[in-house]
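Q: Can you read through this structure? Questions will come right after.
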Amino acid sequence: MAETVAKKDAAATNPRGIPVAPFVDRVEDYVTSRTDVEKTLKNFQEMTEKYQFMEQNMQRRIAGLNDKMPDIQKTLDTVLFLKTRNLGSDPIEATFELNDTLYAKAHVLPTEEVYLWLGANVMLSYPIDGAEELLSSKLSAAKLNKSNCEEDLDFLREQITTMEVNTARVYNWDVTMKRKERQELEASEDKGKSGTPNG
Amino acid sequence: MNRRMLTKEDEVAVGADEVEVRREDQDKINKFSRLHQREIALEDQVKSKQKEKEDLDDVSNELELADEDDMIQYKIGDSFISLPLTEVQELLSTNTEKIVEETSAVEEKLNTIREEMSQLKVQLYARFGRSINLET
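Protein chains in written order, with the working numbering: chain A, 655 to 853; chain B, 57 to 192.
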């Protein structure tokens with residue numbers, strides 16, 4: 655019974671393939687005797703660590719996206735600004751960063767073309783509308799990606815919580831059993847003592 | 057994450073028989089934990105947006121003193137562009153509006169989350185009493 659439940663739980667995953675943590679419905683289904691406790695706890699510990707490892711990776715990915723998105727947004731802002739200039743308007747005077755702490759002035763004539771740095775030493779010229787479209791799609795893709803990551807992070811949090819509750823419950827079960835055993839032992843010893851005088 | 061052991065008195069107060077964790081309890085605990093994580097992230101967002109709003113307000117106040125004919129260096133992307141005062145003020149007000157909108161959206165989310173959390177807290181404390189610790 656416990657086996658099938660565990661398997662069904664283990665097979666279930668979230669949309670991006672992260673497995674669902676098994677829920678311990680009855681501790682007795684997982685640990686039948688106190689000898690199993692250590693093994694089970696170790697098993698749970700391992701699973702928790704795996705989830706935490708994934709959590710860390712996900713946090714790093716989100717941080718990366720958080721770095722990337724303002725860059726795209728900035729470029730998009732600039733493109734949108736250039737778009738507001740039509741051919742008749744005066745050249746704009748821009749102070750741009752030539753290097754760290756060094757700025758230079760430039761007169762920018764109204765333009766219909768912008769050059770986008772695509773990375774890997776490649777720069778391409780785009781008509782302004784094309785650039786806007788490309789950047790907007792990149793930005794929304796990044797946002798989607800981030801929201802997926804956040805969803806995964808939420809999901810991972812839940813699995814870690816489940817595992818922590820599982821661990822606590824198995825541990826508590828062990829404590830209760832230990833106490834019960836001791837009581838039984840004491841009870842039998844008492845019986846033994848009270849038995850001798852009569853026997 | 058701070059863990060604590062129950063004290064002897066707490067344990068007595070909890071009672072000998074441990075409250076069984078049912079699937080729905082686990083789901084509630086999970087949800088609480090997830091909302092808590094969300095809450096922290098959203099709080100950060102609100103803070104940074106409020107900061108941005110304050111900065112924009114400062115800039116607008118500063119510009120009140122500027123001359124009509126002055127050219128203002130306005131930062132767009134990575135470069136500063138000389139623009140006449142009126143245009144800068146327009147850009148600023150659209151930006152401020154956007155920030156205010158975004159901030160209130162985030163705050164609204166935060167409020168719903170907090171409400172849900174306090175509901176869950178009531179339910180979970182009712183079921184588990186002192187065996188569970190939901191404070192941070």
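Cβ atoms here follow ideal geometry from the backbone N, Cα and C, with glycine treated the same way. Model, not experiment: these values are computed from the prediction.
How many angstroms separate the CA atom of glutamate 835/A from the CA atom of tryptophan 827/A?
A: Here residue 835/A corresponds to residue number 181 of the first sequence, with the count starting at 1. Here residue 827/A corresponds to residue number 173 of the first sequence, with the count starting at 1. Whole-angstrom Cα-Cα distance: 12 Å.
Q: Can you list, in chain order, the residues of its chain with a C-beta nearer than 7 Å to that of leucine 789/A? Leave out the 5 residues immediately preceding and following it.
A: The residue you call residue 789/A lines up with position 135 of the first sequence. These residues qualify, in order along the chain: Ile726, Thr729, Leu730, Val733.
Q: Between arginine 823/A and the rest of its own chain, which residues show a CB-CB distance below 8 Å, the 5 nearest in sequence each way excluded?
A: Residue numbering aside, residue 823/A sits at position 169 when the first sequence is read from its first letter. These residues qualify, in order along the chain: Val678, Val681.
Q: Quick one: is glutamate 804/A near chain B, going by C-beta distance under 9 Å?
A: In the first sequence, residue 804/A corresponds to position 150, counting from 1. Yes, glutamate 804/A lies at the interface with chain B (some Cβ there is under 9 Å from its Cβ).
Q: Got a sec: is the Cβ-Cβ distance from aspartate 783/A to anything in chain B below 9 Å?
A: One-based indexing of the first sequence puts residue 783/A at position 129. With 9 Å as the cut-off, aspartate 783/A does not count as an interface residue toward chain B.
Q: Which residues in the same chain as lysine 165/B place their Cβ atom closer than 7 Å to its Cβ, once the five residues preceding and following it in sequence are excluded?
A: Counted from its first residue, the second sequence places residue 165/B at position 109. Here the set comprises Leu98.
Q: At a cut of 8 Å, does the stretch 99-114 of chain B reach the stretch 140-156 of chain B through at least three beta carbon pairs?
A: The stretch 99-114 of chain B, when compared against the stretch 140-156 of chain B, does touch it at the 8 Å Cβ threshold.
Q: According to DSSP, is glutamate 724/A part of a helix, a strand, or is it coil?
A: Translated into positions along the first sequence, residue 724/A becomes position 70. This sequence places proline at residue 724/A; glutamate is not what is there. Residue state, collapsed to three classes: helix.
Q: Take the Cβ of tyrosine 684/A as the centre, count every other Cβ of all protein chains shown within 10 Å, and call the residue buried at 16 or more, exposed below.
A: If you number the first sequence from 1, residue 684/A lands on position 30. Under this definition tyrosine 684/A is a buried residue.
Q: So, does the CB of asparagine 86/B fall closer than 9 Å to a CB anywhere in chain A?
A: Stepping through the second sequence from its first residue, residue 86/B is reached at position 30. So, interface residue.
Q: Note down, one range per segment and in chain order, each beta strand (DSSP E) of at least 3 residues found wholly within the stretch 111-186 of chain B.
A: Fully enclosed beta strand (DSSP E) runs of 3 or longer: 127-132, 135-140.
Q: Out of Thr830/A, Leu752/A, Thr816/A, point me to the one whose CA is closest to alanine 675/A's CA.
A: As a first step, residue 675/A must be located in the first sequence, where it is residue number 21. The shortest Cα separation from alanine 675/A among Thr830/A, Leu752/A, Thr816/A belongs to Thr816/A.
Q: Verify the CB distance criterion: does leucine 807/A have a CB-CB separation below 9 Å to chain B?
A: On the first sequence, position 153 is the one that residue 807/A refers to. Yes, leucine 807/A lies at the interface with chain B (some Cβ there is under 9 Å from its Cβ).
Q: Leaving out the 5 sequence neighbours to the left and right, which residues in its chain are closer than 8 Å to valine 144/B when beta-carbon positions are compared?
A: On the second sequence, position 88 is the one that residue 144/B refers to. So the qualifying residues of the chain are Leu119, Ile128, Tyr130.
Q: What residues in the stretch 706-731 of chain A bring their beta carbon closer than 7 Å to a beta carbon of chain B?
A: The residues in question are Lys728, Thr729, Asp731.
Q: What in chain B is Cβ-close to threonine 815/A, meaning under 7 Å?
A: Taking the first residue of the first sequence as position 1, residue 815/A is located at position 161. Going along chain B in sequence order, the residues near threonine 815/A (Cβ under 7 Å) are Ile85, Asn86, Ser89.
Q: Between glycine 133/B and chain A, is any beta-carbon pair separated by less than 9 Å?
A: Translated into positions along the second sequence, residue 133/B becomes position 77. Closer than 9 Å: yes.
Q: How many angstroms separate the CA atom of phenylalanine 809/A from the CA atom of tyrosine 705/A?
A: Here residue 809/A corresponds to residue number 155 of the first sequence, with the count starting at 1. Here residue 705/A corresponds to residue number 51 of the first sequence, with the count starting at 1. Their Cα atoms are separated by approximately 10 Å.
Q: Taking contact to mean at least 3 C-beta pairs separated by less than 8 Å, is the stretch 781-800 of chain A in contact with the stretch 717-724 of chain A?
A: Yes, the stretch 781-800 of chain A touches the stretch 717-724 of chain A.
Q: Contact criterion: CB-CB distance below 9 Å. Does glutamate 76/B meet it with respect to chain A?
A: As a working mapping, residue 76/B is identified with position 20 in the second sequence. It does; some Cβ of chain A falls within 9 Å.
Q: Along the stretch 95-111 of chain B, what residues have a CB closer than 9 Å to any CB found in chain A?
A: The stretch 95-111 of chain B vs chain A, Cβ under 9 Å: Ala97.
Q: Answer yes or no: do glutamate 709/A and arginine 811/A have a C-beta to C-beta separation smaller than 9 Å?
A: If you number the first sequence from 1, residue 709/A lands on position 55. If you number the first sequence from 1, residue 811/A lands on position 157. Result yes, Cβ atoms of glutamate 709/A and arginine 811/A sit closer than 9 Å.
Q: Would you call the CB atoms of alanine 865/A and leucine 770/A closer than 9 Å?
A: Nothing about residue 865/A can be reported from this structure: the residues present for chain A run from 655 to 853 only.
Q: Which residues does DSSP list as the beta-bridge partners of histidine 761/A?
A: Start at 1 with the first residue of the first sequence, and residue 761/A comes out as number 107. According to DSSP, histidine 761/A bridges with Glu747/A.
Q: List the endpoints of the continuous alpha helix (DSSP H) containing glutamate 682/A.
A: Counting from one through the first sequence, the residue named residue 682/A turns up at place 28. Per DSSP, glutamate 682/A belongs to the alpha helix (DSSP H) from 681-684.
Q: Apart from the five residues just before and just after isoleucine 85/B, which ones in its own chain have a Cβ nearer than 7 Å to its Cβ?
A: Here residue 85/B is taken as the residue at index 29 of the second sequence, counted from 1. Result list for isoleucine 85/B: Leu180, in chain order.
Q: Give me the residue from Lys105/B, Lys87/B, Arg90/B, Asp123/B with the minimum Cα distance to alanine 161/B.
A: Looking up residue 161/B in the second sequence gives position 105. It is Lys105/B whose Cα lies nearest to the Cα of alanine 161/B.
Q: Kindly indicate which three-state DSSP category threonine 815/A falls into: helix, strand or coil?
A: In the first sequence, counting from the first residue as 1, residue 815/A sits at position 161. Here threonine 815/A sits in helix by DSSP.
Q: Check for me: the beta strand (DSSP E) holding valine 768/A runs from which residue to which?
A: Position 114 of the first sequence holds residue 768/A. Unbroken beta strand (DSSP E) run through valine 768/A: 767-773.
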